[in-house]
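Reviewing the structure listed below.
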Amino acid sequence: MPKTLIICEKPTATEKIAAALAEGKPRRRKLMGVSYYEFERDGMEMIAVSALGHLFTLKNLRPMRDYPFYDIDWMPVYEADKKAKRTQVFIDVIRELAKDATDYISACDYDVEGSLIAFNVLKYLCGEEAVKRARRMKFSTLTTDELRHSYEHMMPRLDFELIDAGITRHVLDWYWGMNLSKAMSAAVEAAEQRFAKLSAGRVQTPTLKILVERELEIKAFKPEPFWVLSLILNIDGHEVTAEHVRSRFFDRSDAERALAACKEKLARVSAVKVRRYQRLPPPPFNLGDLQSEAYRSFGYAPMRTQQIAQALYQAALISYPRTSSQKLPSTINYRRIIEQLRSSEQYGKFASELLSRLDLRPNEGKKVDPAHPAIFPTGEKPKALSGAQQKIYDLVVRRFLSTFGKPASLESVRVELDVGGELFLLHGRRVLEEGWLRYYGRYGSMEEIVLPQLQEGRELSIKEVKMEERKTQPPPRYNPASIVKEMESKNLGTKSTRAGIVQNLYKRGYIFGNQITVTELGVEVVNTLLRYCPEIVSEELTAEFEHEMEAIQEGKRSREEVIAKARAELDKILMKFKEHQMEIGRSLMKSYRITLMKQRVLGKCPKCGGDLRVTISRITHKRFAGCSNYPKCTNSFPLPQDGTIIPLGSICKECGTPMIQVNRAGRRPYKMCLNPNCRTKSDWRRDVVDTRKK
DNA sequence: GCAAGGTC
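Taking this note's numbering as reference, the numbering of the first sequence is continuous, increasing by one, and the terminal residue is 753.
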């Protein structure tokens with residue numbers, strides 16, 4: 060009896076593929092805790108089984124004692140990474156089910172990585188014959204119609220061009236990243252006999268470079284003074300401030316001359332310009348947009364938003380979150396979703412309003428994704444959500460509804476005021492029709508500036524004309540959300556990896572703070588690599604990889620050719636690196652030490668003004684905050700033993716000790732002062748009891 | 001140890 064094994068990328072996709080292809084209901088089975096689905100189609104027996112993303116990864120075949128090192132091969136992820144034990148049962152189950160399979164279908168996401176995931180499963184778990192026989196389903200959403208269509212129009216073989224491109228990408232990233240990381244650590248070891256965990260990579264290093272460049276701009280920035288003139292008026296008992304038409308005077312005497320001209324007591328309204336305009340609804344969320352909106356609205360780091368979105372997805376409340384798409388194809392049946400939302404207390408009236416319209420169409424954005432639509436709520440009713448989950452869910456639902464809303468109608472008013480020939484401006488803004496802004500609620504809140512009725516020719520009494528000195532500001536620092544956005548615009552990393560790569564830069568000690576500052580170490584790593592391997596620092600490497608991948612996909616270059624070229628190039632770079640490793644190692648270590656020392660400082664000692672530093676007790680080996688003036692000053696505070704401690708650079712309003720933030724795995728970050736007896740902590744114990752009661 | 005990519 061012939062049996063077809065369908066390889067899918069992830070469990071939820073497996074379920075949908077089985078449901079779409081089965082005649083009748085697929086039978087859900089379980090083996091070693093892993094679900095798979097049996098069903099019939101056209102008289103054939105079929106089994107849909109799931110991978111869990113990549114089940115295989117590249118690994119060095121021997122310990123990597125020296126570099127250059129190129130001896131790598133594919134291995135089960137669970138063997139390479141002990142923390143990924145979960146993937147082992149998936150491998151066992153697929154191997155078991157492959158035993159009596161006669162035909163194979165690759166039904167992973169239709170992109171380079173998906174093609175490779177299925178290929179490795181077929182090659183290492185089903186055998187070479189399976190690779191030759193396997194066919195490929197291509198689809199861009201997991202809707203019944205599209206899945207059936209893609210089954211009917213299957214590619215009769217695997218997409219080896221995409222697979223080859225994928226393998227090459229993995230190998231090149233490994234070669235470049237691992238060898239350069241090793242080269243830096245080895246340089247430190249050779250020069251200082253100490254281990255320092257240093258890293259470089261095609262994505263992380265250009266990202267760090269962007270941050271270093273901003274750091275340099277800020278350091279080189281010379282604030283320039285400028286002057287502003289403002290006119291304070293009294294209109295019908297309200298105080299209103301108008302700004303001079305020249306928003307900045309860089310020449311003080313110009314500002315003074317303008318000020319001197321304003322000696323009159325009255326300002327005359329010389330023009331009133333009213334403009335009506337529309338603001339279109341926003342496109343639906345992709346992951347990057349959700350991350351930056353959640354940072355703006357709640358201050359959540361992109362990594363946190365990603366984790367919360369993943370939890371909501373697993374609770375079947377929202378669609379697949381790791382997407383770059385801003386499209387909502389009608390096949391997701393958004394009318395049904397909005398109908399389901401109608402029964403919700405919070406969103407019901409918005410949903411009803413939308414459903415009463417005939418033209419229900421989303422305002423889509425330009426970005427697409429080969430495998431997933433934009434993020435949308437499934438319409439399921441949420442049960443017991445945590446506070447943070449509730450917030451992200453609310454944001455997703457409101458954004459989704461907003462996308463279908465009518466444009467908002469706004470009115471802006473520009474009032475010109477003449478004071479002795481000097482022109483001042485008043486700006487007002489009013490929402491005429493809220494449209495989609497109502498659905499978006501607090502996330503789209505538009506500040507209204509309502510001006511009193513002002514007719515041309517009216518004279519207003521002046522309270523004061525003010526001249527103030529200000530300074531130009533340096534360009535703003537990146538924050539975790541804006542650097543993720545910058546990476547996206549430069550095509551660095553993927554939607555799934557960007558937040559994690561930024562987190563990694565923090566973990567390495569290359570950067571710190573929410574307003575991102577690059578450490579001495581981060582700057583030195585970039586400088587070193589700029590000197591010896593500018594290729595890895597440049598965003599161009601990603602672009603170059605992409606060209607090579609394209610050439611491979613078009614059959615213009617072979618995988619072997621591209622890999623051999625990279626090896627030759629790396630050989631030269633790494634040799635030069637090694638020649639200079641003593642000086643490289645010394646300067647890396649120097650900046651490493653400075654960064655470590657600075658990282659330990661939590662703030663000023665309230666007793667003596669010295670530095671309070673994270674210190675490890677010689678006796679108990681536990682960490683605490685101790686004063687740098689020890690033994691002259693014996694001031695100290697206990698610290699939590701788990702998690703990362705981040706100095707906040709501020710002091711407690713109650714007790715004056717430095718504030719810190721504690722980040723612990725799986726818990727939400729919390730802020731506290733160092734003093735355990737501070738009044739701010741008097742209710743901590745009660746909180747713990749309260750939580751337990753619930 | 002060290003990358004970047006997929007997944008939960």
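For glycine and all other residues, C-beta sits at the position ideal for the given N, C-alpha and C.
The structure displayed is predicted, hence computed values, not measured ones.
Sub-8 Å separation of residue i and residue j beta-carbons
i       : j       : result
Glu-583 : Leu-647 : yes
Asn-538 : Tyr-354 : yes
Ile-153 : Val-180 : yes
Lys-522 : Ile-291 : yes
Phe-219 : Leu-206 : no
Lys-554 : Gly-347 : yes
Pro-432 : Thr-679 : no
Leu-633 : Ala-245 : no
Tyr-95  : Tyr-234 : no
Cys-686 : Cys-711 : no
Ile-131 : Lys-118 : yes
Pro-429 : Asp-170 : yes
Leu-344 : Val-455 : Just to set this straight, residue 344 is Phe in the shown sequence, not Leu. Cβ atoms of Phe-344 and Val-455: closer than 8 Å.
Ile-164 : Ile-65  : yes
Val-115 : Pro-135 : For the record, residue 115 in the displayed sequence is Phe; it is not Val. It is a contact, given that the beta carbons lie within the stated cut-off.
Same chain, Cβ closer than 6 Å to residue i, five either side skipped, listed in chain order
i       : result
Pro-284 : Glu-528 and Lys-530
Glu-470 : Arg-335, Arg-489 and Leu-491
Tyr-651 : Ala-255 and Leu-580
Gly-487 : Val-472, Ile-508 and Leu-510
Val-577 : Leu-270, Val-271, Glu-274 and Ile-570
Tyr-498 : Phe-409, Arg-457, Leu-460, Ser-461 and Gly-464
Gln-562 : Met-362
Ala-54  : No answer is possible for residue 54: the residues shown for the chain start at 60 and end at 753.
Exposure label - residue i; buried when at least 16 CB within 10 Å
i       : result
Arg-745 : Legend: pLDDT at Arg-745 = 45, less than 50; position of this residue unreliable, value from coordinates given subsequently. When all chains shown are included, Arg-745 counts as exposed.
Ser-351 : buried
Pro-436 : buried
Leu-588 : buried
Phe-309 : exposed
Leu-733 : buried
His-606 : exposed
Ser-258 : buried
Trp-286 : buried
Gly-614 : exposed
His-303 : buried
Glu-404 : exposed
Gln-640 : buried
Ser-670 : According to the sequence displayed, residue 670 carries Asp and not Ser. So Asp-670 counts as buried.
Asn-736 : exposed
Straight-line gap, residue i to residue j (C-alpha atoms, nearest Å)
i       : j       : result
Gly-446 : Asp-453 : 11 Å
Ile-705 : Thr-693 : 22 Å
Ser-402 : Val-148 : 40 Å
Arg-216 : Leu-698 : 60 Å
Thr-674 : Ala-249 : 28 Å
Lys-752 : Lys-442 : Because the pLDDT at Lys-752 is just 32, under 50, the model does not fix this residue reliably, and the point stays unresolved.
Gly-572 : Val-474 : 42 Å
Arg-121 : Ala-625 : 21 Å
Thr-716 : Ser-695 : 11 Å
Asp-749 : Arg-738 : With a pLDDT of only 40 at Asp-749, under 50, the local geometry of the prediction cannot be trusted, and the value read off the model is given with reservation. Cα-Cα distance, rounded: 19 Å.
Ala-166 : Ala-72  : 9 Å
Gln-252 : Ile-226 : 36 Å
Leu-80  : Met-196 : 12 Å
Asn-550 : Arg-618 : 23 Å
Arg-672 : Lys-408 : 55 Å
Val-747 : Gln-448 : Annotation note: pLDDT 41 at Val-747 (below 50); position unreliable, coordinate value reported separately. The straight-line gap from Cα to Cα measures roughly 21 Å.
Asp-125 : His-229 : 21 Å
Pro-282 : Leu-707 : 26 Å
Lys-324 : Glu-518 : 10 Å
Contacting residues, own chain, Cβ-Cβ under 8 Å from residue i (five flanking each side not counted)
i       : result
Ala-320 : Val-478, Gly-479, Gly-480 and Glu-481
Lys-88  : Looking at the sequence itself, residue 88 is Arg, so the reference to Lys does not match. Excluding positions up to five away in sequence, the list reads Ser-94, Tyr-95, Tyr-96 and Glu-97.
Same chain, Cβ closer than 7 Å to residue i, neighbours up to 5 away in sequence not counted
i       : result
Gln-369 : Pro-380
Met-60  : Glu-104
beta-carbon residue i near the ligand PLP non-hydrogen atom, thresh 7 Å
i       : result
Val-577 : Of the ligands one can find in the structure shown there are none, so the ligand PLP has no counterpart to examine.
Could you tell me whether the stretch 356 to 366 touches the stretch 390 to 400, where touching means 3 or more Cβ pairs closer than 8 Å?
no
Touch test, the stretch 420 to 429 against the stretch 453 to 464, Cβ-Cβ under 8 Å, three pairs minimum
yes
Between the stretch 172 to 189 and the stretch 106 to 122, do at least 3 Cβ pairs fall closer than 8 Å?
yes
Do three or more CB pairs link the stretch 261 to 269 to the stretch 595 to 602 at distances below 8 Å?
yes
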